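Student:
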Amino acid sequence: MNTQWQQKYLLEYNDLVSKFPSPEKVTSDYIKHKFKTDLPWFSRVDPDKTYFIQFSQNRSNSRSYTGWDHLGKYKTDALTLTQAAIINIGYRFEVFDEANATAGIYTTNNADLFDETNEAKMLPSEYLYFLKNCDFAGLYNKALSDYWSKNHEKFKLLLKNYYISSSLYLYKNNVISKDEHEFTMKALNRDDNIELFSFDIYGYYSSDIFGAKNDDRIMLFIPGATNPFLFSENISHLRTHLKELIKENDNRELLSRHFSLYDCQDGSTFYGVDSVLKEIVNGNFNESYFMYTYKKFNERDVFDAISFSVQKRSFSDGDTIIKSNSEAQRDYALTIIQAIVSMIPVFDIILPEVSVPLSMGIIASSMGISFDQLINGDTYEERRSAIPGVATNAVLLGISFALPYLISKASENKVILSQTVSNEDSILNETNIDNFLAENGINKDDIPANGILEVDIKNSGIPVNLVKISDEDNQIVAVRGSSQSGIYYEVDIETGYEILSRRVYRTEYNNEIFWIRNGGLKGGQPFDFENLDIPTFFVDKPYSELASSPELSFINDDSPLLFPYVDSRLPKPTSEMDISYYSSNFSSFAENTVTLMRGATEEGAWNIAYYKTAGGSNKELEEIFIGGGPQANLSFTEYTSNIRSADAASRRHFLVVINVKIKYISNDNVLYANHWAIPDEAPVEVLAVVDRRFIFPEPPTPPKLSLIQKISQRFFTEDIDETSRINFQRLNSGNINVLKGRGSLSSKNQRSIYLRFDAVNADDLRPDEIYVKKDQFDDLGYDRYFYNNAVGLDGSPTLNTYTGEFLTDPSLFGSLYWSKYNLTNKTSIIRVANSARGANGIRIALKEVQENKPVIITNGNLSGCTTIVARKGEYLYEVHTGTLEPLLGFTSTTGVKKAVEVLSTLAEQEIPSLAGTINNDFLVDFLAENFDKSLVTYSSSTLKPDSIITISRDNVSTFPYYTDDIIHPGFGTSVTILVRIDDNTVVKSLSESYVTNADGSRISVFKVLSKDF
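Under UniProt numbering, the letters of the sequence shown match residues 1 to 1013, in that order.
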C-alpha cells in the first residue's frame, strides 16, 4: 500500500483533532480576553503560566501583596489559573476572602518560599470572584456545537476509512486471515446473519468500540489498538481474551479511554469503568462484566451511529471537566488532563498513533507546537506549554482510534512524512482516464452503462467501483460507498480515499442501476412516483399557496397536511393504544395489520414504495419466529403512530404511510415515544406517499385586488395577519402584556427550536431514577421520558418545543384567542407540563437567547398543579409538578419533593434531605435559600392543608390561582418570556387565574401577577 494514502489520512486526522475545542484552550483564551477587557491590570498575566497554590500553613508578611507568605514544604495543591477555572476551584472556599490567607497566586509552582519575589499581584479572592461570573460551560458547549455542525460527516468518514483500510492492511500482512477480513467487510452490510452491537463494561457503553457476531464467530472492533480487530469463536472466549489483555496496566488505561470521563470515575455507591477493570483483573469481578448488557445497532450506518455517540460523549466530557460541582468528578477530570500531557513521551511506546503525527511536525506551522519541547521536556509545565490542547483533544474528541496500524511504525513514518504532502485530490477526469484504464488493464467497454465494475487500485490495492454517471454523459468515475444507503463518494485514484465533497447516488429503476450526480433518475429528474403502484401520491402545498390560510402566507416550508387534522386524502394511523394491545397479545393478532407513518428522503420513499418493504430493501425477509418477534440480526427502520411526530419528521421531506402486520413490529430499543421498529426487508402495503419538500424560494406574490376588494378587505374583513404581526412586535420588545388576559397558550405540536436547554424529569412512578436530557429536542419524535402514554388513545408529550405559527391546540379550554392569532414562526415555544406523577423542569442559559427570536415558556392550563420560575445568576429555571390522576394532597407534598429533586439536579447541586414535613412552605424556603428570585404559581385550599403557604420570603413571590373563595373556578396559567434586547436577555413572567360563569360558557380573568426576573 503506497504512502500517499497514509499522508492523506494524517492530514485529515490532524485537521479534525486540531480544530476540536480543547476545554483548556477555550477557557484560557476566554480568561485572557476578559483580563484585557474587564480587568486590564491583569492583562499581562498568562493563566497557563501563573499558578493558584494552596497551603496548609502561612505566616504574616507585610511586603507581600496578600499579606502572607508560605514555605514550599506546606504546599498542598498547585494549579494553573486555567486549571483552577476548569475545576471551579471556588467551591473549595465557603468565604472567598479566606483564600487570601490559605492560598496565593504565583509565577512558579516550585519554590522553597512563596512570597513577594515570585507572587503575581493578584488576590486569590479577586480571582475567585472573577470566576464566579464566568460561564465556561456555556462557552465550551457552544464551541462543541459549532465544531460538530461542521465536522460530523468528516469524522464519520475518517472512522469508516480507518476501519476498512486497517482490515485490508492487516489481511495483506497476514495479521488476520482472509475469512476474518471478509467478516469485517460483511459486518458493515449485516451479511451472513451478522449482527452489530455496542460494547459495554458493566452496563457502561463505549463511545466508539463495537462488536459483530453470528453463529460462527464474534469480533470486537477497538479503534486505536495495534490490531483493532479481536476475533474469537464465542463471547466466552472473547471475554477471557480481554481479561488477559487488561492485565497490562497500559492496555487497561487505553481501554478505559473509550468511555466517557463520567463513566470512568467511581460514584459514592457504585464502581466506574476504571475500578471495574481493576476488579476483573484482581478476580473480584467475573469477566462476564465485559459485554454485560446487550444493545444492538439498528441504524443502517454503524459509523454514523458511532459519530453521534462520540458527539454525545464530547458534551458529557466537557460537562464533567468544566461544569461539575462534584469534587470527585473535578479531581478525576483534572487527573486525566494532567496524565494525558505528562505521558506524551510514553505514547511513543504505548500509543504511537497519537505521538507520531505530533513528533513529525505535520501541523507545527498552523498550531505553533514546539515538538522538541513536547517530546524532550523534562517537566509537566514544559510539555504542557508546548501543546495548546492538542493531546487532550484526541481523547476528549473520543477519536481514540487515532492512526491506523499501517502507519504506527515510527521509523517508517519518518520516511513517509518527510516527503512532500499534498492535500489535492486526484480524481478520474478526461485528462487521466485513459492512462488509469491502461495501467489497470481495463477496457472502457468493460464498464457497464447500468452497473459497476469492481477493481483494485494498482497503487493502493483498495477495491473501488468504476461506474458511468448517467446525468454527465456517462463520464467514468471511481466510487466507494454503501448499497444500503445508495450514497457513494468519488475516490482519489492514487490513494482510494473517499472525497466528501463529491457525492454520487446509486438508484435502481426497472431492475437497472443508474449512477447520478444530483440524485433522482436520469438527468437528475425526480423519481416517478405517479407511475408507481401507490393508492395515493400528491405534492403537498405550503400555507403560502393556500387560499384558506391567508394569515399564514409567510410560511412557505410547512403545511396543514397533518396538523391540526389529518388531510382527508390520507389514511389515519392506528392508535397507539390499539397497537400496544395487539402487540402485547401477539399470538392472537400476529397477522393483523396496523397503519403507521414516517418521514423519509426522496430516495428512501421511492425505495419503500418500489420494493414494498419497510426499509426500502430489495432483499427477502428471513424467517420470522412466530411469538418471538423479528430476528435480532436484522436492521430496522422506525415508523410512528403519532401524527405530530410524522408531521415534524416528514416536513421538508417525504411522508410515507404503510400497512404492516403486527408480527413484524417491535418497540424494543426505539428512541422515541410511539415509534415501532420494522425489519428493513419486512413486506408492507404502501398506502400513500406525499412530497413535502416545498421546493420554491419565496412565497408567491399576493394577487392583485380591485379597489372595491381592497376597501372590503380593509373595512369589513379582520386582518388576522396584521394583528399577529403587531403581537409579535410587542412580544419582541419585551412586553409581556401581549399575553395578558388572552387565555391559554399550549400545544402538543412538535418542532425543533434553535435554543438549547437542559431538561430533567423526576417521577414517583420511577422513584429511584432522575432522567437528565442535554440533547436538543429534535423533529424525529417525542422523548420517551417526557411522554405520558396514559393520556387518550395515543398519549401526550409532557415537554415539547414548537414555533409560534400555531400557539395552541384548538381543543384546549380557554384558548380561543390564540387559536385565531399567531406570533409568527420566529417565536420559539417551550411547553413544560407535569409528569405522570412528578415534575419536569428546564434550565436555560440566558445568553443563548438570540435577538429577534423571542422565547415563550408555557405551562398550559393549571388545575391543581404547581409551577416554579426561578433565576440564579445567568440561568433561568422552570419546573411544573403535579399528577395526571387526582391524588389528594399529592402536588403539595410528593410533588414538592419531585420539584426540589428536579431543581437541584438542574442547578447541579446536592439534593437536600427530604425527610420530615414536605409542603408548599418547604418549597418557598428551599427557593429562598438556593435561588436569587422565584415565583410559585399554585392551588391553595383548606381541603389540602399542605398546599396553603403561610410564610413570606423577600425573594420568593407566590400566586395562588385557586383559592376556596372562587365560586366558579376555571384554570390557572403561567407563562414566561425571554427576549434579547441590547445584548441583555429580558425575562418576565405572568401568572393568571381564570374563572367561568355559572354555566361555563364564559371565561374571564379573576386576578393577575406579573414579575420581572
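Where is the CB? At the ideal position from N, CA and C, for every residue including glycine.
As the structure is a prediction and not an experimental result, all values here were calculated from the model.
Does Ile493 pass the burial test, meaning 16 or more other C-beta atoms within 10 Å, or should it be called exposed?
Tutor: buried
Student: For Thr27, report the span of its alpha helix (DSSP H) as first-last.
Tutor: Element bounds for Thr27: Pro23 to Thr37.
Student: Residues in its own chain within less than 7 Å of Arg652 by CB, not counting five upstream and five downstream?
Tutor: Correct list, in chain order: Asp557, Arg692, Arg693 and Phe694.
Student: Is Lys898 closer than 8 Å to Ala839 when the C-beta atoms are compared?
Tutor: With contacts defined by Cβ atoms closer than 8 Å, Ala839 and Lys898 form a contacting pair.
Student: Going along the chain, which residues of its own chain have a beta-carbon closer than 8 Å to the beta-carbon of Ile951, five neighbours each way excluded?
Tutor: Asp921, Val924 and Asp925
Student: Assign Ile513 to one of three DSSP states: helix, strand, or coil.
Tutor: Under the three-state reduction of DSSP output, Ile513 falls in the strand class.
Student: If contact is defined by three or more beta carbon pairs under 8 Å, each pair taking one atom from either stretch, is the region 102-116 in contact with the region 64-73?
Tutor: yes
Student: If you reduce the DSSP assignment to three classes, tell me which class Gln475 lands in.
Tutor: Under the three-state reduction of DSSP output, Gln475 falls in the strand class.
Student: Whose C-beta lies closer than 7 Å to the C-beta of Gly272 among residues of the same chain, with five residues either side of it excluded?
Tutor: Around Gly272: Asp263, Cys264, Gln265 and Asp266.
Student: The beta strand (DSSP E) that contains His70, what's its start and end?
Tutor: Counting along the chain, the beta strand (DSSP E) containing His70 begins and ends at Trp68 to Leu71.
Student: Starting from Tyr787, follow its DSSP beta bridges and name the residues at the other end.
Tutor: Pro797
Student: Please report the residue range of the alpha helix (DSSP H) in which Thr905 lies.
Tutor: Thr894 to Leu906
Student: Can you give, in chain order, each stretch of the alpha helix (DSSP H) that sits fully within the region 41-95 and has at least 4 residues?
Tutor: 81-86
Student: In whole angstroms, give me the CA-to-CA distance for Ser355 and Asp578.
Tutor: Any reading at Ser355 must be qualified, since the residue scores a pLDDT of 28, below 50, and its modelled position is unreliable; no value is offered.
Student: What runs of the beta strand (DSSP E), each 3 residues or longer, lie entirely inside the UniProt domain "DUF4765" (537-694)?
Tutor: 593-600, 636-640, 654-661, 675-679 and 685-691
Student: By how many angstroms is the C-alpha of Val479 removed from the C-alpha of Glu472?
Tutor: 15 Å
Student: Drop a sphere of 10 angstroms on the beta-carbon of Tyr332, count the other beta-carbons inside from all chains shown, and report buried for 16 or more, exposed for fewer.
Tutor: Below a pLDDT of 50, predicted positions are generally treated as unreliable, and Tyr332, at 43, falls in that range; no measurement from the model is reported.
Student: Work out the CA separation of Thr798 and Leu816 for me, nearest whole Å.
Tutor: 22 Å
Student: Please state whether the Cβ-Cβ distance between Ile534 and Tyr543 is less than 8 Å.
Tutor: Contact check for Ile534 against Tyr543 fails: the beta carbons are separated by 8 Å or more.
Student: So for Asn822, helix, strand or coil by DSSP?
Tutor: Coil at Asn822, not helix or strand.
Student: Identify, in the order they occur along the chain, each residue of the same chain with its Cβ nearer than 8 Å to the Cβ of Ile499, setting aside the five sequence neighbours on each side.
Tutor: Asp425, Ile427, Tyr489, Glu490, Val491 and Asp492
Student: Hey, Val689 and Ala614 are a contact pair by Cβ (cut 8 Å); roughly how many whole angstroms apart?
Tutor: About 14 Å separates the two Cβ atoms, so there is no contact after all.
Student: Within the chosen definition, does the region 57-71 reach the region 142-159 through at least 3 CB pairs nearer than 8 Å?
Tutor: no
Student: Between which residues of its own chain and Ala836 is the CB-CB distance below 8 Å, once the five residues before and five after are set aside?
Tutor: Correct list, in chain order: Asp763, Leu765, Asn788, Ala790, Thr798, Thr883 and Leu884.
Student: For Ala85, tell me which candidate among Arg59, Gly104, Leu131 and Asn61 has the shortest Cα-Cα distance.
Tutor: Leu131
Student: Pull up the DSSP beta-bridge partners for Lys872, would you.
Tutor: Tyr875
Student: On the DSSP bridge assignment, give the partners of Ala839 in chain order.
Tutor: Ala762 and Thr881
Student: Which residues in the same chain have their Cβ closer than 6 Å to the Cβ of Pro388, if we skip the five residues on either side of it in sequence?
Tutor: Bear in mind that the predicted position of Pro388 carries a pLDDT of just 36, short of 50, making it unreliable; the figure below should be weighed with that in mind. The residues are Lys25.
Student: I need the straight-line Cα distance from Tyr163 to Val276, nearest angstrom please.
Tutor: Our two residues, Tyr163 and Val276, have alpha carbons roughly 28 Å apart in a direct line.
Student: Grab me the residues of Thr867's own chain with a C-beta within less than 6 Å of its C-beta, minus the 5 sequence neighbours each way, in chain order.
Tutor: Cβ contact annotation for Thr867 (same chain, cutoff 6 Å, sequence separation greater than five): Asn859, His880, Thr937 and Ser974, in chain order.
Student: Is it the case that the region 843-860 contacts the region 959-977, given that we only count it when at least three CB pairs across the two stretches are under 8 Å?
Tutor: yes
Student: I'd like the list of long-range same chain contacts for Gly781, defined as Cβ closer than 6 Å, with 5 residues on each side in sequence excluded.
Tutor: Ser645, Tyr672 and His675
Student: Taking just the CA atoms, how far does Arg517 sit from Gln525?
Tutor: Here the model assigns Gln525 a pLDDT of 41, short of 50, so the residue's position is not dependable and the matter cannot be decided.
Student: Could you tell me which residues DSSP pairs with Asn286 in its beta bridges?
Tutor: Beta-bridge pairing links Asn286 to no other residue.
Student: May I ask you to list the residues that DSSP assigns as paired with Gly972?
Tutor: As DSSP reads the structure, Gly972 sits in a beta bridge with Leu862 and Ser993.
Student: Taking just the CA atoms, how far does Phe96 sit from Asp274?
Tutor: So the two alpha carbons sit approximately 34 Å from each other.
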